[in-house]
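Here is the structure we will look at.
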Amino acid sequence: MKWKDGLWQVIEFLHVKPGKGPAFVRTKLRSLDTGKVVDNTFNSGVKIEPVRIETREHQYIYNDDMGYHFMNTETYEQIAVQKHAINAPQFLKDGLNCSIVFHAEEEKVLSCDLPNHIECEITYTEPGLKGDTATNSTKPAIVDNGAEIRVPLFINTGDWVKVDTKAGTYSERIKK
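Sequential numbering of the sequence shown, starting at 2, is according to this note's numbering.
Set out below in structure tokens:
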């Protein structure tokens with residue numbers, strides 16, 4: 002949406018109808034220009050200007066000082082995306098397919114969304130001890146793309162896990 006001379010993405014919203022007084026909407030907004038997150042309350046009846054967007058599949062290739070480079074999977078055209086526009090950039094790995102959101106009129110990159118879950122190999126973690134499955138304790142682990150996550154104590158180096166990219170957390174162990 003357009004608001005305060007910029008483009009913003011609604012992250013969360015809550016419609017509130019108090020017993021006394023007019024209804025309002027509490028929102029959490031992210032600036033698509035800077036990545037800054039702000040809380041704002043809109044009164045009932047406020048008009049906002051929506052923005053037309055398009056989503057296209059791209060494949061992550063590499064990153065350098067120009068940004069993170071992606072290739073369109075249909076046209077093979079390459080684009081660079083700034084880090085603040087990528088949701089969970091620490092989980093990017095070569096060949097990962099992502100959805101990139103563009104401003105329809107300006108062809109400007111607004112955001113880049115990773116899949117909800119990705120499969121990663123644990124490259125380093127402290128070894129687990131026999132019988133460690135009895136508690137809900139976790140330990141730090143480094144995955145194959147360099148990101149650090151918390152995993153259960155029974156996970157060892159070399160295991161494959163499914164990671165939730167939205168929360169940045171371990172989901173489950175998988176067999177490879």
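All residues carry an ideal CB built from backbone N, CA and C; glycine is no exception.
>> Among the candidates 45, 75, 55, 82, whose CA atom is the shortest distance from the CA of residue 63?
In response: 82
> From what residue to what residue does the beta strand (DSSP E) around residue 32 run?
Replying inline: 25-32
>> Under 8 Å: do the stretch 94-103 and the stretch 56-74 share three or more Cβ pairs, one atom per stretch?
In response: yes
>> Tell me the rounded alpha-carbon separation between residue 71 and residue 11.
In response: 25 Å
> Exposed or buried, residue 38, counting other C-beta atoms within 10 Å across all chains shown (16 or more means buried)?
Replying inline: exposed
> Which residue's Cα is closest to the Cα of residue 100: 154, 112, 91, 107?
Replying inline: 112
>> Taking the alpha carbon of residue 120 as the reference point, which residue from 17, 164, 66, 32 has its own alpha carbon closest?
In response: 164
>> I'd like the span of the beta strand (DSSP E) that includes residue 141, first residue to last.
In response: 139-144
> Using CA coordinates, which residue listed in 49, 42, 152, 16 is at the minimum distance from residue 6?
Replying inline: 49
>> Going by DSSP in three states, residue 168 sits in which element: helix, strand or coil?
In response: coil
>> Can you give me the C-alpha to C-alpha distance between residue 88 and residue 149, rounded to a whole angstrom?
In response: 16 Å
> How about residue 19 and residue 45: are their beta carbons less than 8 Å apart?
Replying inline: no
> To which residues does DSSP link residue 1 through a beta bridge?
Replying inline: Because the chain spans 2 through 177 in this model, residue 1 falls outside it and cannot be assessed.
>> Applying the 10 Å Cβ sphere with the 16-neighbour rule, what's the burial state of residue 35?
In response: exposed
> Excluding the five sequence neighbours on either side, which residues of its own chain have a C-beta within less than 7 Å of the C-beta of residue 105, listed in chain order?
Replying inline: 53, 54, 55
> Which residue comes first and which comes last in the beta strand (DSSP E) that contains residue 64?
Replying inline: 54-65
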